[in-house]
Structures are given as structure tokens and as C-alpha cells.
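Taking our numbering, the leading residue of the sequence shown gets 1, the next gets one more, and so forth.
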Amino acid sequence: MRVGTAPGLPGEPPLLASRLTPAVPPEPVVARPRLLRRLDQGSAGPVTLVTAPAGWGKTTLLATWVRLAAAMPEAGSAPDVGVGQAVAPGPAPAWVSVEAGDDGDRLWAYLAAALRTATGAADDNPVAPLPAGPPRPDQLELLAAGLAALERPVLLVLDDLHRVADPAALTGLDFLLRHCEGRLHLVVGARAGLPLAVHRLRLAGELTEIGPDELAFTDDEVADLLTAHGAPLPATAVRRLRTRTGGWPAALRIAALALRGRPDPERWVGQFGGDQPEIAGYLREEVLAAVDPADRDLLRRTALAETVCADLAEALTGRADAGQALADLAEVGGLLRREDSRPPWYRCDPLLADLLRAELARLPGDELRELHERAADWYAGDGRPADGLRHALAAGRWDLAGDLFVAHWPELTRYDEEPVSGPTPPSPPPDVLRADPEVALACAAERAYVGDLPAAAGHLRDAAAYADALPVPRRDRFLRMATALELTVARLAGDRAEVRASAARLLRTRPAASTPTGVAPATSEPATSAPATSTSPGIAPAASAPAGPVSPGPGSAGLASGRPAAHPPSTDDADLRAFTGTALGLVELACGALPAGRFVRAREAAREAGRPRTELVGASRSALLLAVRGDLHAAERAARDALGMPPCRGWSCRLDCSYAYLALAVVALHRDQPEEAGANLALAARATGPVGTVEAGSGSSSTAGEPVAAALAAWCGAHLHRDAGDPATGQRMLVRARESLPDEPSAAELSGLLRAAEAEIRAGRGDLDGARTLLAATAADAATPALAVALARVQLRAGDPAAGRTLPDWQAPPADAWPLPVRLDAGLLDAVLADRSGDVRRVGRTLEQVLDLAGAQGCRRVFTRADPSVRDLLAAHLDAGTAHFPLVSDLVRQVEQSATPPSAEPARSLDEPLTERELTILRYLQSILSNVEIAAELSLSVNTVKTHVRNIYRKLGATRRREAVRRARELRLI
């Protein structure tokens with residue numbers, strides 16, 4: 001291809017025309033409308049910054065955008081020109097590609113040529129003559145005045161601006177931006193570390209930022225890229241490839257080229273990693289080549305861990321400035337991603353981590369073992385036993401591995417499905433296992449934690465082979481921990497029967513001193529009885545658990561191996577209760593049951609034993625189940641406790657936090673706070689799947705997520721849809737949720753709640769026969785009073801005199817066990833029936849009793865969303881006198897407001913519409929989350945969220961968060 005020259009000033013060196021025009025993107029080009037729209041919208045402001053490390057498609061995106069903009073027809077020639085329409089009739093585009101070594105003179109020579117091309121070369125051009133080098137202050141003022149006088153603004157695109165050799169050369173650009181009266185719009189593509197006044201622009205709301213989070217390919221874009229390269233893949237493989245690459249465009253393009261002609265592309269995707277030659281070569285040449293050798297060594301050594309903080313990096317490298325080096329690599333080089341935590345933790349890109357670990361594996365064995373030992377000691381001291389155990393085994397520190405397992409076995413079990421990577425540690429030699437069989441249990445725990453259940457079963461068999469030689473007190477402890485591991489393996493394998501059997505065996509090993517009579521019970525829960533030997537697939541019985549109490553025996557304070565007893569009997573007992581209660585609760589939850597009491601007790605035991613991971617599981621699950629039962633204060637406290645537990649303890653808590661957010665959504669629903677309920681429901685998607693979002697309705701039919709959480713999210717979302725005037729969507733959500741529940745007797749209560757809610761919506765839509773049919777077959781079930789109450793309500797609406805006979809006795813002692821909202825519904829129906837029979841005194845007495853129950857928990861929805869007859873009764877009760885005068889008067893006012901139909905006036909449109917991402921963040925602004933927490937939920941940087949928030953304020957004409965939410969509701973955006 002011929003390289004031409006661009007016109008310059010007489011006597012000046014020639015300029016390359018190729019640096020003044022956008023490069024031709026490599027074919028095939030995948031259309032990315034969402035990013036083109038972001039550039040269209042961002043270029044309306046002063047500065048748009050596209051920053052990311054090498055290979056993230058910055059140049060391709062900018063070149064595609066500018067070329068599309070240049071190809072668009074003039075304004076008015078087409079009614080709908082699509083993406084890019086805001087650019088063609090707007091600013092005149094100018095392009096400069098910055099090259100390595102460009103100093104001020106060379107940069108400004110190209111800037112002058114680009115501006116001259118964009119504004120025209122006429123003698124009366126207010127921007128001419130342009131200086132060929134860095135302008136003096138007086139020249140800058142003339143240039144700014146000339147730009148301000150232009151009729152058509154100038155759009156200046158600077159690609160690879162990080163290459164400029166003289167950062168001071170950019171001060172002139174900053175001056176022009178501040179004084180050209182908005183006639184210069186700057187779009188910059190760079191890796192990081194720009195000398196522009198980024199912080200000032202960000203604070204002023206004049207900066208649009210597009211980073212790796214937005215440049216990363218979505219699943220649909222990955223599928224389009226593969227199809228364009230002639231290498232289509234199934235959806236599951238596409239998702240796996242996108243996850244493996246983190247959406248990195250360069251890696252995806254390399255993968256697409258390599259996939260063509262592969263006989264088994266799905267298998268190839270499963271083995272794809274950063275240590276493959278094509279990826280490794282690109283990473284070395286384009287990413288790591290410019291990194292300082294000392295920093296590259298830090299990256300290599302810290303790749304030993306999934307995430308790293310300053311103290312851990314210092315322990316692994318010995319560098320006192322490790323924290324600053326990590327911050328620089330994240331902020332300037334873009335090689336690490338900082339997580340929103342205090343202190344800051346950093347994570348390496350998956351493919352780069354693959355390459356660094358491959359280099360790490362080539363270190364001498366002694367040096368690598370020393371690194372693992374340093375990591376093990378640091379993790380053990382920092383209270384992260386799972387990580388400490390893994391590195392202790394990798395280092396061959398069998399004594400430390402055994403100590404960590406014995407001291408922390410209840411916390412060495414997985415309660416989430418987040419992937420855990422890392423090589424398989426070596427197996428201990430037989431002489432080590434013979435002397436200390438607990439090391440084999442430690443190996444089994446480590447393998448179970450990463451999901452390698454066959455290997456965990458093998459280590460359990462090895463442990464059982466050496467258990468007989470242990471002295472009695474130590475053997476008792478060994479059997480207890482081996483049984484706990486069998487329970488863990490069974491739970492992770494989905495063997496519910498074996499979980500119950502292992503839990504029963506484990507509870508029979510409770511120390512005698514832990515019970516008032518000194519005799520350990522066969523089980524502390526009404527769970528099941530089970531045989532005393534393991535039936536887990538692939539696991540040989542470790543030994544029979546003692547049928548009676550385990551005698552501590554002499555010498556239990558110190559063991560033959562030199563390992564002391566880990567905990568006193570009281571702590572051991574709390575561990576057993578917490579561990580088995582949590583495991584049984586999770587099994588029951590998976591079967592569709594609502595075991596609130598079990599999780600409450602397990603949480604209390606975990607707190608007593610000092611096990612924060614187990615306590616988090618109990619707190620989050622009990623919060624949701626208590627909210628369903630109507631114990632709103634306890635549910636809210638448990639949810640806040642779960643969300644307030646410290647992160648970065650070596651385990652993921654996204655699933656637990658999702659349960660807590662769902663609990664807060666249910667609490668807000670019962671308190672008739674729909675905005676708060678919707679915001680928290682959106683945050684619960686990790687546990688609920690898309691069915692839990694308020695937007696999910698007529699769209700996706702997916703119900704991915706935890707079964708009970710997904711069903712309760714659908715129940716909550718259906719009520720919100722009904723309240724918003726969309727009962728049809730709510731009904732569809734309930735039908736799908738009911739169909740997705742496990743076909744288990746234990747799911748009857750939850751199924752009843754869903755069926756009752758569906759019947760209520762059907763009746764509200766006038767389908768009384770459908771509602772009656774839905775309820776008739778199951779309403780007589782005493783275990784689900786919600787169905788009987790719902791049927792009585794339907795009969796009352798239909799004028800059926802059988803309603804009074806159908807309504808169960810909500811004041812009888814058994815009703816104390818009902819969910820509070822069901823009991824309140826029954827009480828209000830009883831009051832309506834009393835009113836229709838003319839028993840005024842009974843009406844007043846019944847309403848007072850219902851208000852007594854509701855007021856204690858702040859339940860309002862049963863009143864505010866009830867039938868009009870309840871509204872009339874409340875108003876009359878207010879006139880007759882009540883001990884709850886403030887509450888009733890407030891309820892009456894709120895009922896009248898909710899009864900007012902929404903305005904039929906169409907929502908007004910914004911002059912500048914909100915983007916998809918801004919709409920997402922706008923929904924989060926309804927909640928109590930801070931910008932930092934919103935960023936964590938969306939996996940964005942805090943600065944990106946702040947930029948979106950500023951754009952939202954600007955577009956809505958708001959100055960505060962509450963004002964923006966109010967304005968958005970007026971426009972029906974949320």
C-alpha cells in the first residue's frame with residue numbers, strides 16, 4: 001500500500017497521510033452498536049476517553065466509528081440514519097495517530113494538519129494560520145478564539161495518545177478545551193497514564209469514560225465474531241470462551257482464527273488458555289514487553305494467588321513498595337484490576353494469569369515451594385484457611401496443612417459455585433499419612449473445596465486406611481472430621497439422602513459434656529435416622545461412629561503427633577451444630593422447603609463457634625425465610641448483618657449477598673415500598689436468575705438460580721407487576737415459578753404461596769372460575785393455610801356464602817405458626833365477613849387484633865393493597881376510635897393514594913435519551929447502595945459508575961440522587 005504525505009507548512013518535514021486518517025479495521029468487523037452509541041453520546045461533551053490495555057479494540061472501535069460517521073448522509077437526507085447520526089451533521093472529524101517518540105513539535109505538527117483539514121484551508125479560516133509546533137500562550141489564545149468562532153464544531157480523535165514522549169505538549173489541548181466555548185470535542189484512545197486533566201474533567205461532569213468493562217465482548221458479540229470467522233459454537237461454549245477470555249477482543253480474535261477447521265472446537269475451547277503459543281506471544285510482545293523487569297517479577301510471583309493485596313505481595317516478593325507497585329500496575333499499566341475492597345485487592349486478567357503461572361512453574365522446585373510456603377504462612381495468619389491449606393499442601397508443609405484442617409475444618413467447605421482454579425497439589429508420601437492420617441483429610445478437604453470430588457473420595461479412603469493406628473481420643477476426633485468431609489462430598493454431589501445420613505452420624509459424635517444429661521443425643525434435629533456407615537458413592541467407610549457418647553479420655557489435651565486439641569468441647573459442639581444445621585438446611589432448601597428455624601439455629605451456633613463463613617450462610621438464608629414468614633425486623637437485621645460482614649476472606653459471598661438483598665426486597669414488599677423492593681430485587685439476580693428482576697416478565701422464561709430464591713423472587717416480582725398495573729406479566733411469572741419448583745412434598749408450603757398469589761391475580765383480572773379451580777383441589781390442606789385464605793377471598797368476591805366456612809380460624813393456637821401476612825389476610829377477611837353480617841362490634845375487635853399483629857412488624861401491604869371493602873372498614877374504624885390512630889390514619893391516606901389510577905398522559909421524552917447502562921444504574925439509584933457498592937454489583941470501576949451518575953443527573957436535569965429518581969419516575973423510566 002502506498003503511503004502518501006499530508007500537506008504541511010512550507011519548509012516543514014512532510015507528514016504521513018496514514019497518520020491523519022483512521023486505519024482500516026481488520027476484516028471481518030463485528031458491529032457493536034452499543035459502543036457506537038456510547039461514542040455518539042459521549043462526543044457531544046468535551047472529552048471522551050477510551051482507555052484499556054493492549055488488544056482491547058480501542059483503535060478498531062474508534063476507526064469504525066469515524067468511518068461510519070463520515071459515510072453518513074447529511075442531516076435531513078434520511079429520516080432514520082441509525083448509529084452515528086449524531087456525528088455526521090455535527091462536528092467535523094479530524095484524526096491523529098500518535099506514534100512512539102512523538103515530542104511536542106511532531107505532535108503539534110500533526111494536530112495542526114488535522115485541524116486544518118477539518119476546518120478548511122481557506123484564507124479566511126479563523127483557525128489559520130496554525131502553528132507547526134507547540135503554540136505559545138498568545139498563539140493558544142488566538143487558536144481558541146478561532147475555534148470558538150467556527151460555525152461547525154471540530155471532533156478531534158487522538159489514537160494511542162499514551163505514546164506521546166512529551167506530556168507537557170498536551171497542556172495546550174487542555175487550554176483549548178477550556179476556552180473554545182465548546183467548539184472542540186476530543187476523543188482519546190490510550191492505554192493508561194494520560195497527562196490530561198482527567199480528574200478535573202471527571203469532577204466537572206465533562207468526561208465520558210469507556211474502559212475494559214464496556215469494551216469487553218458480550219456473549220452475543222462473541223457469537224457474532226465466531227460466526228463471521230466461520231467458526232460458530234454452541235451457546236454454552238460461547239459463554240465458556242467469553243468467561244475464559246474475560247471478553248478480551250484480541251484473545252477472542254485469535255481464538256476465532258484458531259478454531260476454524262478444528263475437528264472438536266468445543267473441546268479446544270475447554271483447553272483454551274493464556275499459555276497457548278498464539279496468546280502467549282501476543283501477551284509477551286504487546287503487554288509485558290514494556291513492563292519493568294522488577295514489576296514483571298512481582299506479577300509472576302503474585303500470580304501464585306487468585307487475588308493479591310499489598311501485604312501478600314510483600315510476603316511473596318520481599319518488596320517494601322509492593323503496594324505502590326500493584327497500584328501503578330492497575331492504574332497506569334492496566335495489567336491488574338482493583339476490586340472494591342479495603343484494603344485494596346487486585347486480580348490479574350485470566351489469560352495473563354495463565355501465562356504468568358506457566359512461567360512460575362518453570363522456576364526451580366525449591367524456589368517454587370518457598371513461594372507456596374510464604375503464601376501458606378501469610379494466609380494462615382490472615383484467617384484464610386482454605387487458601388492457606390492449598391498452599392501448604394503445594395509446599396509440602398504437611399504439618400501446617402494438618403494443623404489448618406484440624407483448626408478450621410468447618411470453614412473448609414464450599415457454599416457457593418464460584419470457580420476455584422489452581423494446580424492439583426502433590427499427594428503426601430505414605431510415611432507422612434501413616435504418621436498423621438489427618439493430613440489425608442486435609443487433602444480431601446482441599447480437593448472437595450475446588451470441586452474435584454473423586455480425588456476427595458480417594459483421599460478419604462487413604463485416611464481411613466491409617467485411622468486404626470491412632471490413639472482413642474485422636475481417633476474420635478478423626479472420625480468426626482472424616483464424617484464431616486463425607487457430608488461435604490455428599491452435599492456437593494447432590495446426594496441428599498447421604499447428607500442426612502452423614503449428619504445423623506456426625507451429631508452422634510457430639511461431646512458428652514455438651515448436653516445437660518451428659519449423653520449425646522442421636523440427633524439434635526427432627527431430621528432422619530440413618531445407618532452408621534457411609535453410603536456416599538466412591539467413599540469407603542472411614543469407620544463406625546460410636547453409638548453413644550464419645551469419651552474424651554486421658555490425653556485429649558495433647559496428641560501423640562504433637563498436634564494439640566483444636567477446641568474445647570463446647571466449641572466442638574457448636575461447630576457440629578452449625579455445620580450439620582447449615583448442611584441440612586441447604587438440602588431442605590434445595591428440596592423447596594422453607595427451614596427458617598434451622599438456619600437461625602445454625603447461625604447462632606456458628607457465631608458461638610466463631611465461624612464467619614458458616615454464619616454468613618445462616619444469616620443470609622434465615623433473613624429470606626424470616627421475611628417470608630413475616631418476621632420483618634429479624635429478617636432485616638439478619639440481612640443487614642450478612643451484607644455487613646467483611647469481604648475478602650478468601651471466599652465469595654455474592655450468592656449470600658443475593659439472598660440478603662432478596663430478603664430486603666420481601667421486607668420492602670410487605671411494608672409496601674415498591675421502589676425499594678424493586679431495587680433490592682435487581683441486586684438479588686445471582687441467586688434468583690433473571691426471573692427475579694422486575695423487568696422479567698413477558699420476555700425470558702428462564703428460571704435459572706437457586707430454586708427457592710428464584711420462586712420467591714418471582715412471587716415478589718409478580719406482586720410488583722400487579723401493583724404497577726401489569727397483572728398478566730405477574731401471573732406468567734408465578735406460573736413459571738410454580739412449574740420450576742422441585743416435585744417434593746417439602747415444597748408444598750412454597751407452592752401454596754405461589755398458587756395463592758396466582759389465584760389472587762386471576763381473581764383481580766375477573767377470572768374467578770380460574771382462581772377457584774386453581775385453589776379448590778389443595779385448599780383443604782392444613783399445611784398450607786395460604787390456599788384456604790385465598791379460596792375464601794375468591795368466594796367472598798364471587799358472593800359465595802361458603803367463604804365464612806372456608807376461612808380457617810386465624811385466632812386458634814395453630815395459627816401462631818402461620819406466616820404473619822397469611823394470618824393478617826385471614827383477619828381482614830374475617831372483619832369483612834363480620835361487617836357483611838352486621839356485627840359492628842366484632843368488626844372493630846377484629847381490626848384491632850389485626851392492627852396489633854401488623855403494627856409490631858410494620859406490615860402495611862395487606863391493608864394498602866386490599867380490596868375496597870377493607871379501605872372502607874379502615875376509614876370507619878378511624879372514625880369509631882382506635883388505639884392505632886396514627887397508623888390507621890396513615891394507612892387510609894396511603895390506600896386512597898394507591899386507589900387513584902395512574903395518569904394516562906404519555907411519558908415525556910428526554911432531549912438526550914439515557915443509555916442502556918445509565919438506565920441500569922438509574923434503577924440502582926433507587927436503592928440505598930453507594931456508588932462503590934453499585935460498581936461492585938455491576939463489575940464496573942467506581943469512576944465509570946460516577947461518570948454514568950453525572951450523565952444521568954445532566955440528562956434528567958437533577959442535582960441530587962433523590963431528585964433524579966423522582967424525575968425518572970415522572971418520566972416512567974423506572
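For each residue, glycine too, the CB sits at the ideal point set by N, CA and C.
Rounded C-alpha distance that separates residue i from residue j
i	j	result
arginine 447	arginine 390	9 Å
valine 157	leucine 207	15 Å
leucine 288	arginine 296	7 Å
aspartate 219	alanine 445	34 Å
glutamate 373	alanine 190	39 Å
alanine 54	glycine 334	9 Å
tryptophan 398	proline 437	11 Å
alanine 737	alanine 197	52 Å
proline 385	alanine 718	42 Å
arginine 240	leucine 225	15 Å
glycine 101	cysteine 443	54 Å
phenylalanine 599	arginine 621	7 Å
alanine 114	alanine 250	29 Å
glycine 678	aspartate 416	25 Å
glutamate 306	arginine 244	14 Å
proline 91	glutamate 151	10 Å
arginine 960	threonine 846	45 Å
Cβ neighbour criterion (16 or more within 10 Å) applied to residue i
i	result
glycine 799	exposed
glutamate 918	buried
glycine 230	exposed
alanine 802	exposed
valine 66	buried
glutamine 857	buried
leucine 807	buried
glutamine 41	buried
glutamate 706	buried
alanine 834	buried
Inter-residue CB distance, residue i and residue j (contact presumed, cutoff 8 Å)
i	j	result
leucine 669	arginine 477	Not a contact, Cβ separation roughly 47 Å.
aspartate 979	threonine 864	No answer is possible for residue 979: the residues shown for the chain start at 1 and end at 974.
Reference residue i, options the options, closest by Cα
i	options	result
glutamine 69	Leu15, Ala456, Leu36 and Pro343	For the sequence presented, residue 69 should be read as alanine rather than glutamine. For alanine 69, the nearest C-alpha among the options comes from Leu36.
arginine 452	Leu824, Ala866, Trp268 and Thr424	Correcting the residue identity first, residue 452 is aspartate in this sequence and not arginine. Checking every option, the nearest Cα to that of aspartate 452 belongs to Thr424.
alanine 1049	Asp468, Arg736 and Gly205	An answer regarding residue 1049 cannot be provided, because it is not within the stretch 1 to 974 covered by the chain.
arginine 577	Arg508, Ala593, Val587 and Ala596	Arg508
arginine 603	Asp723, Trp409 and Ala642	Ala642
alanine 596	Gly689, Ile761 and Arg629	Arg629
alanine 192	Lys58, Glu306, Ala145 and Ala255	Lys58
proline 429	Trp409, Tyr466, Tyr415 and Glu411	Tyr466
alanine 831	Ala817, Ala866, Asp138 and Trp818	Ala866
proline 886	Asp311, Pro868 and Asp852	Asp852
valine 587	Asp311, Glu636, Arg950 and Ser502	Ser502
alanine 756	Glu99, Val794 and Leu298	Val794
threonine 48	Arg116, Leu184 and Leu351	Leu184
glutamate 676	Leu664, Ala684, Arg686 and Ala685	Leu664
isoleucine 974	Ala216, Ala682, Ala305 and Leu356	Ala682
alanine 303	Asp328, Pro265, Ala353 and Val269	Ala353
phenylalanine 272	Glu286, Arg253 and Ser658	Arg253
arginine 841	Gly881, Ala713 and Cys859	Gly881
glycine 323	Ala310, Thr317 and Ala660	Ala310
Close Cβ partners of residue i (< 8 Å) along its chain, the five nearest in sequence each way excluded
i	result
valine 892	Arg871, Leu874, Ala875 and Leu878
leucine 910	Lys955, Leu956 and Leu971
Close Cβ partners of residue i (< 6 Å) along its chain, the five nearest in sequence each way excluded
i	result
aspartate 213	Leu940
alanine 609	Thr571, Ala574, Asp575 and Ala578
glutamate 359	Arg300
tyrosine 346	Val308, Leu326, Ala330, Leu336 and Arg338
arginine 491	Val499 and Ala583
Closer than 6 Å: residue i CB and nearest the ligand MN heavy atom
i	result
proline 429	The ligand MN is not part of the structure shown, which contains no ligands of any sort.
Sequence-distant residues of its chain with Cβ nearer than 7 Å to residue i (five each side left out)
i	result
alanine 1010	This structure cannot speak to residue 1010, because the chain is shown only from 1 to 974.
glutamate 744	Cys591 and Gly592
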